[in-house]
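Per our numbering, the very first residue in the sequence shown carries number 287; after that it's consecutive. Notes for the one structure printed next.
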Amino acid sequence: MARTKAELSAGARLSDFLTVGFLAMQCPVDTVRHALQKNGAQSKRRRGLPHEVLVYFVMMMVLYGNVAYEDVMRRVVEGLRTLLGDTALERSVVTKGAISQARSSVGEAPLRQLYEEQVCPHGPKGMLGVMFYDHRVMAIDGSTLTMPDEKANSDFYGHLSGGYGDAAFPVIRFVGMTECGTHTICFAKHGPFKEGGLTLAQSVMDQADESMIVTADRGFCGYEFWRRGMRTGAKLLFRVKKSQSLPRLKVLPDGSYLSEISSNKNLKQKVQKTLVRVIEYTLDGIPDAEVSYRLITNWMGEDAPAVVELAALYHRRWTIEQSFHELKTHLADRKVILRSKTPELVRQEFYALLLAHAAIRKLKSEAADHTQQSVGDLSFVHAVRVLQRRLPSVGAIPPSASA
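Here you go:
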């Protein structure tokens, strides 16, 4: 049986809806136009859809994943025609095919630039969970997103494989770095499923700096990646695999000890080693806790935090898993997360998804800071609904005459 796309209510105002993405991220139309122009994607003629409209449309499409393209576009046009000063928009009748063609003309690059320039760590230093010993708390991890099972997508991205063969839908693999205090995914890199997470993580780790402490799970704890992280100047706190050998070179007064990790043995190169501080602990009385945990850090010396503090800090990295969960279940809320049917439009939509998520996280962070709460105490689902239905435009986009 054919599925029927949902429609937006006839009385809904675009001034209610368009407080998402760029407006919440303080990214006005002029910024969008600059990104389009810089990437050679500005509108060539005014008869068709202005490409600024397409940028906002892709973000709206992410928030309204179960609504037909044409209806989402109609609401975008209603809200933007006054702002853009283009009365021709009011008379435009746009088909799904025309939208897809216009999206192809815009491409991936403008959305990528807007994400890279507009989304960054933003939590106030006094906000709960943002800082640890004057360092901004970050977490790095990877995940996947599903997309339509079109041949182009399948050929380029590939499928998850399991004991019963390939999964039904192609997937894009990505690695992100999240600001733990705000849950904002500040840096991200994507690629085909076959591309390893560590490969994608390298350019993400390069975005760290000396103002941060970066946490990571066992899958990222290798010598080369560790050294790459150290070159950024950031403090590192990684969990290590049970099988990893960590000889006790010197036991420290707080119970942690100094050890070293080594590069892989290679007949052509000498084995390289680097000093680390090892923290071993258990979580007594915690349901589903593992028998023991081992962390390594490059934070050592007299000013280094205590073992208990670092152990507690590591478990705040779960916020990145929550952020990924929000992308998949609260923003998308469907089995196939991305809607695009070609690889380029998948990449475009990927950045729009991150921008929409960052906008909601910015809204929640401001609310949490104002009420002296932790971001985790506020409902992400409620914030999505506020952006979709109720939040006023704060004058950023005047309501249309017919709204």
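For every residue, glycine included, the Cβ atom is placed at its ideal position computed from N, Cα and C. Since the model is a prediction, treat every value here as computed from it, not as a measurement.
Annotation for Asp441: the continuous alpha helix (DSSP H) segment containing it runs 437-443. Residue Tyr509 holds the alpha-carbon nearest to the alpha-carbon of Gln558 among Arg633, Gly326, Tyr509.
The straight-line gap separating the alpha-carbon atoms of His421 and Cys406 is approximately 15 angstroms. With a threshold of 16 other beta carbon atoms within 10 Å, Lys382 falls short and is exposed. Secondary structure at Tyr579: strand, using DSSP grouped into helix, strand and coil. Looking at Tyr350, Leu400, Met498, Ala384, the one whose alpha-carbon comes closest to that of Arg319 is Leu400. Of all alpha-carbon atoms in Arg504, Ser386, Gln404, the one lying nearest the alpha-carbon of Ser529 is that of Arg504.
Rounded to the nearest whole angstrom, the CA to CA distance from Val362 to Val392 is 16 angstroms.
Straight through space, the alpha carbons of Val416 and Pro396 are spaced by roughly 30 angstroms. Note on Ile606: 16 or more other CB atoms within 10 angstroms of its CB, so buried under the neighbour-count rule.
Here the region 514-529 makes contact with the region 489-498; the two share three or more CB pairs at distances below 8 angstroms.
Counting along the chain, the unbroken alpha helix (DSSP H) around Asp316 starts and ends at 315-324.
Taking every protein chain shown into account, the CB of Val537 has fewer than 16 other CB atoms within 10 angstroms, so this residue is exposed. A residue is called buried once 16 or more other Cβ atoms fall within 10 Å of its Cβ, and His469 is buried on that count. In this structure, DSSP gives Arg625 a state outside helix and strand, which the three-state scheme calls coil. Note: Lys536 is bridge-paired with Leu544 in the DSSP secondary-structure output. A straight line joining the alpha-carbon of Ile547 with that of His601 spans about 22 angstroms.
For Val564, the enclosing beta strand (DSSP E) covers residues 559-567. Judged by DSSP secondary structure, Gly477 falls outside any alpha helix (DSSP H) and instead within the beta strand (DSSP E) spanning 470-478. A buried status is given to Val339, since no fewer than 16 other beta-carbon atoms sit within 10 Å of its beta-carbon. When secondary structure is reduced to three states using DSSP, Gly462 falls in the strand class. Going by beta carbons, Arg580 and Glu566 fall inside the 8 angstroms limit.
DSSP lists no beta-bridge partner residue for Leu397.
By the CB criterion at 8 angstroms, Thr583 and Lys527 fall outside the cutoff. Between Leu641 and Met345, the C-beta gap is smaller than 8 angstroms, which places the two residues in contact. Going by beta carbons, Val500 and Gly483 fall outside the 8 angstroms limit.
A residue is called buried when at least 16 other Cβ atoms come within 10 angstroms of its Cβ; Ser447 does not meet this threshold and is exposed. Per DSSP, Leu340 is one residue of the alpha helix (DSSP H) stretching across 337-349.
In summary, Leu561 is exposed, with fewer than 16 beta-carbon neighbours lying within 10 Å of its beta-carbon over all protein chains present. For Ala327, the closest alpha carbon among the candidates Glu394, Val348, Pro314 is that of Glu394. Secondary structure at Gly428: strand, using DSSP grouped into helix, strand and coil. In the DSSP assignment, His421 is bridged to Phe418. Proximity to Tyr637 across Met424, Tyr342, Pro456, Val380 peaks at Tyr342, based on C-alpha coordinates. Linking Cys466 to Leu523 through their CA atoms gives a straight-line distance of about 14 angstroms.
Closest in C-alpha terms to Cys507, from the list Val564, Ala453, Pro478, comes Val564. Distance from the CA of Ala597 to the CA of Pro591, rounded to the nearest whole angstrom, comes to 10 angstroms.
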